[in-house]
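S.K.: First, the structure itself, so that you have it in front of you.
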Amino acid sequence: MDHLAQAASRQETREVDTQVRIRRITNANSSEPVAPSRGRFASISIWVENLPPEAGLQQLQVTVGSSLGSVCDISPPDRAGLQQVTVLLPELEATGLLPVEMLWSRRRISPPATLRVIPPGPSVPRIRSVYDGVNLASNGRIETRSVKLVLEEIARPDEIQVTVDGFPVSGLELFCTDPRPQRFEMNFLLPEEVGPGTRNVELRIGRRRLPPLPIEVV
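Under this note's numbering, the residue at position 157 of the sequence shown is numbered 217, and the numbers go up by one with no gaps.
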């Protein structure tokens, strides 16, 4: 135990390695050198050289502006000796050119780099998929009169209204499954007035009406 404690102490007090360098920063979803301040594309890839081999997910930290991001992946070195550090950005209030710093055990290990942060694009609410509420392999075929929808980019879930062929649904449940893409799962029961055949699910979010979604009721 004494040996492990001494090793941990040496790691905490290690001097900053001035050879660690951030070579470039790109969006984690593309090669563009920008990232939105929030949303599904608010993540970056930092390409760094000479990263200490002891700097793992538990020790490495990245700040963007004055906020702390979430380091979720550190790749092995490539042929050029660069490692890719993937970071999920926090929800940033500031946009423009923001400093990016890498910390190891709360000590800065490289000169700061710069990231251009832009406002997020407008939300585009949409239905990603529809299933039977019990048989999730049904893919649009409703067998039990229970319906499950997966929605994305839903900024105002409290304003959602759902009808099927013009009849309000019952038993509506809605909960967030992933806040970054604003993904929600919705469950409801078909109205009693809706019989077998091809029917249309209609969603309204405030004043916005989504295109009708056809389902097959059996």
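Where is the CB? At the ideal position from N, CA and C, for every residue including glycine.
Here's the rule: buried if 16 or more other CB atoms are within 10 angstroms of the residue's CB, otherwise exposed. What is E72?
M.R.: The pLDDT assigned to E72 is 45, lower than 50, so where the model puts this residue is not dependable; a value taken from the coordinates is nonetheless given after this. The residue in question, E72, is exposed, as its Cβ has fewer than 16 Cβ neighbours within 10 Å.
S.K.: Could you say which of K208, P185, G231, F248 lies nearest to G266 if we only look at CA atoms?
M.R.: Comparing Cα-Cα distances from G266 to each of K208, P185, G231, F248, the minimum goes to P185.
S.K.: So the beta strand (DSSP E) S206 belongs to, where does it begin and stop?
M.R.: Its beta strand (DSSP E) spans residues 206-212.
S.K.: In whole angstroms, what separates the C-alpha of P239 from that of I187?
M.R.: Rounded to the nearest angstrom, the two C-alpha atoms are 16 angstroms apart.
S.K.: Going by C-alpha distance, which of E114, V147, L142 is nearest R98?
M.R.: For R98, the nearest C-alpha among the options comes from V147.
S.K.: On a CA-only basis, which of L111, L120, L128 is nearest A140? Give me that one, please.
M.R.: Of the listed residues, the one whose Cα sits closest to A140 is L111.
S.K.: Leaving out the 5 sequence neighbours to the left and right, which residues in its chain are closer than 7 angstroms to A65 when beta-carbon positions are compared?
M.R.: Residue confidence for A65 is low, a pLDDT of 46 falling below 50, so the modelled location carries little weight; the figure read from the coordinates is stated next. Nothing listed; no residue qualifies.
S.K.: Take T123 and list the residues in its own chain whose beta-carbon comes closer than 6 angstroms to its own, dropping the five residues that flank it on each side.
M.R.: Excluding sequence neighbours, T123 sits near E161.
S.K.: For my contact list, G226 and S206 are in at a C-beta cut-off of 8 angstroms; report their separation, rounded to the angstrom.
M.R.: With 8 angstroms as the limit, G226 and S206 do not qualify as a contact, their Cβ atoms being about 20 angstroms apart.
S.K.: Relative to the alpha-carbon of L128, which residue among I178, I104, G231 has its alpha-carbon at the smallest distance?
M.R.: Checked all of I178, I104, G231; the closest Cα to L128 is I104.
S.K.: Could you tell me the alpha carbon to alpha carbon distance between R167 and Q79, rounded to whole angstroms?
M.R.: Distance between the alpha carbons of R167 and Q79: 14 angstroms.
S.K.: Tell me whether P159 sits in a helix, a strand or coil according to DSSP, three-state version.
M.R.: Strand, per DSSP.
S.K.: According to DSSP, what are the bridge partners of P96?
M.R.: Its beta-bridge partners are I178.
S.K.: Given a cut-off of 8 angstroms, decide if P241 and G181 are closer than it, judged by their beta-carbon atoms.
M.R.: Cβ distance not < 8 angstroms, so G181 and P241 don't count as in contact.
S.K.: When burial is assigned at 16 or more other CB atoms within 10 Å of the CB, is G156 buried or exposed?
M.R.: Counting Cβ neighbours within 10 Å, G156 comes out exposed, since fewer than 16 surround it.
S.K.: For the beta strand (DSSP E) that contains G231, what are its first and last residues?
M.R.: Element bounds for G231: 230-238.
S.K.: Quick test of your reading: Q143 and S130, contact by CB under 8 angstroms. State the CB separation rounded to the nearest angstrom.
M.R.: About 17 angstroms; that fails the 8 angstroms criterion.
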